[in-house]
Every structure is written in structure tokens, then in C-alpha cells.
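A.B. asks:
Numbering (the UniProt record's numbering), first residue to last: 1 to 333.
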């Protein structure tokens, strides 16, 4: 195994986990086989109550594994904010963010290598649990405030596709970008935090999706191709957060002069319709109780989003440092 020397960028893997000990074990085993190896791993254990603590205590990797255990579940957003902060404190040059239900492919960091001099925010491709390409090619429509799928082979003409959204299931981001943009907004808890963070980065730097497989999902998800987009299964908590977090997305769009009130309202209606379709088409929730619970989550989330939009004290996540000289980060055309 090639272990990075002092002249190699320090890549830290940041993992957020919650009650998925079996998946986490597989992920850590795959990290141990990475060649080249990362400089370290930060795991945020979001107050898990299963065997996660034991898995982490037994972890035997050729690189340091640093564990952060908050007193309560911070959600994916809060977990990544805490993990990124810890990795920066450890001197990370790059941060590779991922959930606990994936494994990394052995040559993943080598696949990123040729692009790290050109871009400062990179996503690689993923396989699903069956070994098929997992659909992830979207862009945020700012008028609607909705991420829309890009159909077809986005790599037909180029090995890189530029997008304006992010995904914490595999985002590789340079430390100076994080310091300039700020930490992921922990208030999202889950759903839409990574999309928004990628969009914030894209306002200043290109966000790349490269034609190289770096991850494989280990948690099976039901997924339906509706022709115009793919839908995965979800949960009522995710539905609530997704609708509520439109309030946070709207505030960030306002901050950058990209918020269109009417268009965003249409996007909110489309989001609610999408979630109702998900209930029926993906989760097969046809019973009255399940449908009512799903609809109630959307309604409560929408009402919470209105509170965020009217909050006179709302502020964005602050940068961690002033931006460096122009052109110091990836600015590929």
C-alpha cells in the first residue's frame, strides 16, 4: 500500500454514522484497502445505540481513526459539520465526505488524483448494491429551487460533467474552499444540506462530476425510474426536513440574489407532489395511516419553512477564514 508522504496532499475521510454498525464495519474495511491511503479518517458517531462504539474500538486501519461522539444525534448535516471541523484541525488539505452505507473502491483516491490540480470540489461515480451505475446527475434550477435530473450520458463528450449541486455521499472538497464557504449548515439536520453546500461552492468554483467509479452502495434502496427522474425510498423524517429545509435554501438563494418568489413557490408545490408520488410509486404506502403520516410530515415541514423565511435574525454559516488570492483554487473552465 502506498502511504502518502509529506509532499502529498493530506486527504481525510469524514464519515457520519448512526446505528449502522454492520455497514460501518464494511466501510472501514474498504478504507483499509485504499491505495494510496488517506492521511486519516474522522468518524462522527451520532449517538448510536447499536454496536457502533465497539466497531470503532476494534477498527484496525493503517491510518489514524479519530472518533467524535456528540451527546445527541446531529443528523447528517451536523455530523458532517463536526467532522469537517475536526479534520481541518488535524491539518487536512482535502476532505472526502461520505455516509456510512457505502464502501470505497481500492483505487478511488488514485482516480481522483488527475483531477485534484484542476478542481476543488469533485464527485466520483457510484455503483448501487447490484453493481449497476447509481443515477446521480442533477443541477439546481434556481428559479424553482429544485434540483432537476440531467438525462442521457453526461460523459458522452467529456470525462467530466459540471454541476451546481453537491452530495455528501462522496464529495471531495479542498480545505481552502471549506474555510471560504464555511462549514455545512448543521441546521438542515438532513436532506438538502449537501445540495445547498454544493450550490454555494458552485457560486465561486466549478463543481465536477467525473467519469470514474469510486464508491459502491451497501444499503439497498428501492428506486423507481419515472422517465423524467429517479426516485429512491425515503422516510417521514426526511420528508419533513426536506420541506422545512426549503426555507434555508430560500434564504441562501436570497443572499445571492437568486431567489424568485413565484418560481420558488411553484418549486415547493412540485416538491410536495414528488414526495406524494414517492409514497405511492416507491414506498407503496397506499394505506390511509401511512399516506396521512407522509402528508402530515410535508405540511409540518412547509409550516416550519415559513418560520425560517420570516426569521429576522437568520444568518448564513460564516466563512472560517477570508478567501485567498483570486485563482488560488480550482477554476477550470
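Just so you know, even glycine gets a beta-carbon here, dropped at the ideal spot from N, CA and C.
Treat the numbers as computed from the prediction; the structure is a model and nothing was measured.
Need the endpoints of the beta strand (DSSP E) that residue 34 sits in, please.
C.D. replies: What you label residue 34 is simply residue 34 of the chain shown in a count that begins at 1. Unbroken run through residue 34: none, as it is neither H nor E.
A.B. asks: When we look at the beta-carbon of residue 153 and count the other beta-carbons within 10 Å, is it buried (16 or more) or exposed?
C.D. replies: For the purposes of this step, residue 153 is identified with residue 153 of the chain shown, where counting begins at 1. Per the 10 Å Cβ criterion, exposed.
A.B. asks: Using 8 Å for Cβ pairs, my map puts residue 27 next to residue 42. What's the rounded Cβ distance?
C.D. replies: To locate residue 27, count along the chain shown from 1; it is residue 27. To locate residue 42, count along the chain shown from 1; it is residue 42. Contact doesn't hold; Cβ gap of about 13 Å is too wide.
A.B. asks: Would you mind stating whether residue 109 and residue 200 have Cβ atoms separated by less than 8 Å?
C.D. replies: Translated into the one-based positions of the chain shown, residue 109 becomes position 109. Translated into the one-based positions of the chain shown, residue 200 becomes position 200. For residue 109 and residue 200, no; Cβs fall outside 8 Å.
A.B. asks: Sorted by chain position, which residues of the same chain lie with C-beta nearer than 7 Å to residue 106's C-beta, five sequence neighbours on each side aside?
C.D. replies: Position 106 of the chain shown, counted from the first residue, corresponds to residue 106. Once the five neighbours on either side are set aside, the close Cβ partners of residue 106 are 33, 34 and 35.
A.B. asks: Assign residue 318 to buried or exposed, taking buried as 16 or more other Cβ atoms, counted over all protein chains shown, within 10 Å of its Cβ.
C.D. replies: Position 318 of the chain shown, counted from the first residue, corresponds to residue 318. So residue 318 ends up on the exposed side.
A.B. asks: Can at least three beta-carbon pairs, one atom from the segment 257 to 272 and one from the segment 142 to 161, be found at a separation below 8 Å?
C.D. replies: Flag = yes, the segment 257 to 272 and the segment 142 to 161 touch.
A.B. asks: May I have the straight-line CA-CA distance separating residue 174 from residue 88, to the nearest angstrom?
C.D. replies: One-based indexing of the chain shown puts residue 174 at position 174. One-based indexing of the chain shown puts residue 88 at position 88. Spanning the two alpha carbons is a distance of roughly 10 Å.
A.B. asks: Any idea what DSSP makes of residue 241, helix, strand or coil?
C.D. replies: On the chain shown, position 241 is the one that residue 241 refers to. Residue state, collapsed to three classes: helix.
A.B. asks: Is the segment 242 to 259 touching the segment 117 to 133, taking contact as three or more C-beta pairs under 8 Å?
C.D. replies: No, the segment 242 to 259 does not touch the segment 117 to 133.
A.B. asks: Below 7 Å CB to CB, which residues in the same chain sit around residue 73 once its five sequence neighbours on both sides are set aside?
C.D. replies: Taking the first residue of the chain shown as 1, we reach residue 73 at position 73. Cβ within range, chain order: 18, 46 and 47.
A.B. asks: Mapping the DSSP letters down to three states, classify residue 151 as helix, strand or coil.
C.D. replies: One-based indexing of the chain shown puts residue 151 at position 151. Coil, per DSSP.
A.B. asks: Can you tell me whether residue 256 is buried or exposed, with buried defined as 16 or more other CB within 10 angstroms of its CB?
C.D. replies: Mapped onto the chain shown, residue 256 falls at position 256. By the 10 Å Cβ count, residue 256 comes out exposed.
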